[in-house]
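Asks: This is the structure I have questions about; it appears just below.
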Amino acid sequence: MALPQQPSPPTDDVLSVEDLSKRFGGVSAVAGCSLSIQRGTITAIIGPNGAGKSTLMNLIGGLFPPDSGRILFAGRDITALPPHRRAELGLIRTFQISRELAQLTVFENVVLAGQTDALESPFAAFLRPRQVRREERQLGLRARALLERVGLFRLADEPAASLSGGQKKLLELARALMLDPQLILLDEPAAGVSPPMVRELARTIRDLRDEGLTIGLIEHDMELVADLADRVHVLAEGSNLTSGSFREVTSDSRVVEAYLGIVA
Ligand SMILES: Nc1ncnc2c1ncn2[C@@H]1O[C@H](COP(=O)(O)OP(=O)(O)OP(=O)(O)O)[C@@H](O)[C@H]1O
Ligand SMILES: [Mg+2]
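Numbering-wise (my numbering), the sequence shown opens with residue 171 and increments by one.
Have a look at this one:
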C-alpha cells in the first residue's frame with residue numbers, strides 16, 4: 171500500500187523526474203532515472219550513445235508515457251498530460267523545421283508557432299474579425315522582435331529552406347520563444363552546425379539564460395557543454411550516473427568508464 175505523501179520541501183527545481191522508466195520491447199531505454207533542472211540554469215544531459223537521453227527528452231515532452239515514475243514541472247505532476255498541455259504550462263521542446271514549414275518564410279514560421287487554436291479556426295475571422303486582426307498584428311510584432319532577438323531579422327522574408335543548419339536552429343529557438351516558455355529543451359542543438367554558428371547559438375542560449383529562461387539540452391559536443399552548462403547530468407544505461415559541474419563529472423572515473431565501455 172502506498173504511504174501518504176510527505177509534502178516536499180520547496181526547491182528551485184523547475185523540472186524533476188523521479189524514478190522514471192521506459193522500455194521498448196526488451197530494451198530498457200530509461201531505467202529508474204531521477205534528476206532535476208534548476209530554474210534559471212543551463213542544464214546539460216550527456217552520456218554515451220544509447221544511454222537513453224532522447225527517450226528521456228521524449229518522456230519529458232510527453233511524446234509517450236513512462237512505464238513508471240513521475241515528472242514534475244513547476245511543482246505540478248505532469249506525467250499524464252499531453253504535449254500541448256505541457257506547452258501551455260511553459261514546457262517547450264524544439265522541433266526540427268519540417269519539410270512543409272521549410273517552404274514558408276522565416277517570418278511565417280515564427281508567426282505560425284504562436285498561433286492559438288482560436289486563431290486557426292476557419293470561423294474566427296468571420297466571427298470576430300477585429301479581434302483576429304489585432305491578434306495577428308500582435309503576433310507579427312512579437313515574431314519580428316524574436317527574429318531580431320536571435321539574429322535572423324534580415325532573413326525574415328527568405329524561405330526557411332534557404333537557411334544554414336545553424337540558422338535553422340536559431341529559427342527553432344525563435345519558434346519556441348513565441349510560446350513564452352519557462353523551460354526550453356533542446357536535443358543536440360550543435361549537431362550539423364558550423365563552428366562559427368555554434369558560437370552564435372551558444373551566445374544566444376546564454377543570453378536567454380541570463381534573461382531568466384531555463385534551458386535543458388542534450389549534447390555530444392563536449393566543448394559546447396563545457397562552455398555553456400551550469401550543471402551536467404550524466405546518463406548511462408538509462409539512469410543518472412552522476413551530476414555536477416562539467417569539471418566534476420568529467421573527472422569522475424565512472425563517467426570515463428561509461429563512455430569507454432561503449433567504445434570497447
Ligand atoms: N522507439 C524505439 N523503439 C525501440 N527501441 C528504442 C526506441 N527508441 C530508443 N530505443 C532504444 O533505447 C535505447 C536508448 O535510446 P536513446 O535514443 O534514448 O539514446 P540516446 O542517449 O539518445 O542515444 P544517442 O546519443 O545515440 O542519440 C537504445 O538502446 C535504443 O536503441
Ligand atoms: Mg539521442
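We put the CB at the ideal spot given by N, CA and C, even for glycine. Keep in mind it's a predicted model, so treat the numbers as computed, not measured.
1) So is the beta-carbon of PHE194 under 6 Å away from any non-hydrogen atom of ligand 4?
2) Three-state secondary structure (DSSP) at THR384?
3) When you compare the CB positions of THR440 and LEU340, do they come within less than 7 Å of one another, or not?
4) Which value, in whole angstroms, describes the spacing of the CA atoms of GLY195 and GLU407?
5) Whose CA, out of ARG304, GLY220, ASP189, lies closest to the CA of SER206?
6) Enumerated in chain order, which unbroken segments of the beta strand (DSSP E) with a length of 3 residues or greater are wholly contained in the stretch 364–426?
7) With respect to 6 Å, is the separation between the Cβ of GLY414 and the closest non-hydrogen atom of ligand 1 below this value?
8) Around the C-beta of ARG255, are 16 or more other C-beta atoms found within 10 angstroms, so that it is buried, or is it exposed?
9) Whose C-alpha, out of ILE248, PHE243, ALA372, ALA244, is nearest the C-alpha of PHE234?
10) Taking the beta carbon of ARG424 as the centre, do at least 16 other beta carbons fall within 10 Å, making it buried, or is it exposed?
11) Specify, as a first and last residue, the run of the alpha helix (DSSP H) that GLN308 falls within.
12) Quick check: the Cα distance between LEU343 and ARG303, rounded to an integer number of angstroms?
13) Check whether the stretch 413–429 touches the stretch 227–246, counting contact only when three or more Cβ pairs, one atom from each stretch, lie closer than 8 Å.
14) Can you check which of these residues, GLY220, GLY260, ARG209, is closest to GLY145 by C-alpha distance?
15) How about ILE262 and LEU349: do their beta carbons lie closer than 7 Å?
16) Quick one, what's near ligand 2 if you take every residue whose CB is closer than 6 Å to any heavy atom, in chain order?
17) Could you tell me the alpha carbon to alpha carbon distance between LEU229 and ARG246, rounded to whole angstroms?
18) In chain order, what residues of the same chain have a beta carbon less than 7 Å from the beta carbon of ALA434, not counting five sequence neighbours either side?
19) Check whether the Cβ of ASN219 lies closer than 6 Å to any heavy atom of ligand 1, and answer yes or no.
20) Return the CA-CA distance between GLU318 and LEU311, expressed in angstroms with no decimal places.
21) Mapping DSSP to helix, strand and coil, what is ILE243?
22) Using three-state DSSP, classify ASP182 as helix, strand or coil.
Replies: Well, looking at it:
1) Among the ligands modelled here, namely ligand 1 and ligand 2, ligand 4 does not occur.
2) Residue numbering aside, residue 384 sits at position 214 when the sequence shown is read from its first letter. In the structure shown, THR384 sits in a strand (DSSP, three-state: E or B).
3) With the chain running from 171 to 434 in the structure shown, residue 440 is simply not present.
4) Stepping through the sequence shown from its first residue, residue 195 is reached at position 25. Stepping through the sequence shown from its first residue, residue 407 is reached at position 237. In a straight line, the C-alpha of GLY195 is about 15 Å away from that of GLU407.
5) Along the sequence shown, one-based indexing puts residue 206 at 36. For SER206, the nearest C-alpha among the options comes from ASP189.
6) Here the runs fully enclosed are 384–388, 401–406, 409–414.
7) Indexing the sequence shown from 1 puts residue 414 at position 244. The answer is no for GLY414.
8) Along the sequence shown, one-based indexing puts residue 255 at 85. That one is exposed.
9) Translated into the one-based positions of the sequence shown, residue 234 becomes position 64. Considering only ILE248, PHE243, ALA372, ALA244, the residue with the shortest C-alpha distance to PHE234 is ILE248.
10) Here residue 424 corresponds to residue number 254 of the sequence shown, with the count starting at 1. Burial is judged here by how many other beta carbons sit within 10 angstroms of a residue's own beta carbon; ARG424 has fewer than 16 and is exposed.
11) Sequence index remark: in the sequence shown, residue 308 carries index 138 (1-based). Segment 299–319, the alpha helix (DSSP H) holding GLN308.
12) Taking the sequence shown and counting its residues from 1, one reaches residue 343 at position 173. Taking the sequence shown and counting its residues from 1, one reaches residue 303 at position 133. A straight-line Cα-Cα distance of about 25 Å links LEU343 and ARG303.
13) Verdict: no, contact absent.
14) Nothing about residue 145 can be reported from this structure: the residues present for the chain run from 171 to 434 only.
15) Position 92 of the sequence shown holds residue 262. Position 179 of the sequence shown holds residue 349. Yes.
16) Each of LYS223, SER224 has a C-beta closer than 6 Å to some heavy atom of ligand 2; these make up the full list, in chain order.
17) One-based indexing of the sequence shown puts residue 229 at position 59. One-based indexing of the sequence shown puts residue 246 at position 76. Their Cα atoms are separated by approximately 16 Å.
18) Reading the sequence shown from its first residue, position 264 is the one you call residue 434. Its pLDDT being 45, under 50, ALA434 is placed unreliably in this model, and the value from its coordinates should be taken loosely. Counting only Cβ-Cβ distances below 7 Å, and skipping sequence neighbours, we find nothing.
19) Counting from one through the sequence shown, the residue named residue 219 turns up at place 49. At least one heavy atom of ligand 1 falls within 6 Å of the beta-carbon of ASN219.
20) Taking the first residue of the sequence shown as position 1, residue 318 is located at position 148. Taking the first residue of the sequence shown as position 1, residue 311 is located at position 141. Spanning the two alpha carbons is a distance of roughly 11 Å.
21) The sequence position of residue 243 within the sequence shown is 73, counting from 1. Before going further, note that residue 243 is Phe rather than Ile in the sequence given. Strand, per DSSP.
22) Taking the sequence shown and counting its residues from 1, one reaches residue 182 at position 12. The three-state reading of DSSP puts ASP182 in coil, since its state is none of H, G, I, E or B.
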